[in-house]
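Terminal number for the sequence shown in this note's numbering: 177, no gaps in between.
All C-beta atoms, glycine included, are put in the ideal place defined by N, C-alpha and C.
Comments concern the structure below.
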Amino acid sequence: MSERERRPPAERKVPYHIGVAIGLSTGAYALSLAAVTNLQIDHDRELIDDRRPVQDAIALLGAYHGRMAAELEEARTQYESGSQDYGVLTARLAELRADLERLGLDVGSIEGMTGLLPSQIRLPSVPSIVAPPAPNPLTPPPTHGKTGASGGG
Numbered sequence: 025m026s027e028r029e030r031r032p033p034a035e036r037k038v039p040y041h042i043g044v045a046i047g048l049s050t051g052a053y054a055l056s057l058a059a060v061t062n063l064q065i066d067h068d069r070e071l072i073d074d075r076r077p078v079q080d081a082i083a084l085l086g087a088y089h090g091r092m093a094a095e096l097e098e099a100r101t102q103y104e105s106g107s108q109d110y111g112v113l114t115a116r117l118a119e120l121r122a123d124l125e126r127l128g129l130d131v132g133s134i135e136g137m138t139g140l141l142p143s144q145i146r147l148p149s150v151p152s153i154v155a156p157p158a159p160n161p162l163t164p165p166p167t168h169g170k171t172g173a174s175g176g177g
């Protein structure tokens, strides 16, 4: 048997050129994976850039939806307030209508009574009195008195 055949299988050496070929093929495979990954990243960036207007439109639509929801809530609040005010006004108008109906009955009864009154009333004559003319105003008497107040002498 030859020396090669006598060695155990663990001691067999792999030729150098096979290791180099495996290393080169692994390196080439790694480079091809890196190139494919780079191409995929570029494609994904382009896809993201292409979708950016759609994302902006979705964000704008979301903001508009939020604003519309707030405006609708404000409108609902105002509607409820107006509805309550309308209910109060309806009750007040019913009271006013009842008051007007009572007033109409009162006016009708007063009109019925006025038909019984005479159309003219004779009042007694009042004597006229002529007032005498007013007397002429009198002038006050002159005064020459002095007092010792305030140093007047």
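Which two residues bound the contiguous alpha helix (DSSP H) that contains residue i?
| i | result |
| --- | --- |
| Gln64 | 40-138 |
By Cβ distance below 6 Å, which residues in the same chain neighbour residue i in space, the five residues on each side in sequence not counted?
| i | result |
| --- | --- |
| Asp73 | none |
Spatial neighbours of residue i within its chain, please: C-beta separation below 7 Å, excluding the five flanking residues on both sides.
| i | result |
| --- | --- |
| Val217 | Any question about residue 217 goes unanswered here, given that the chain covers just 25 to 177. |
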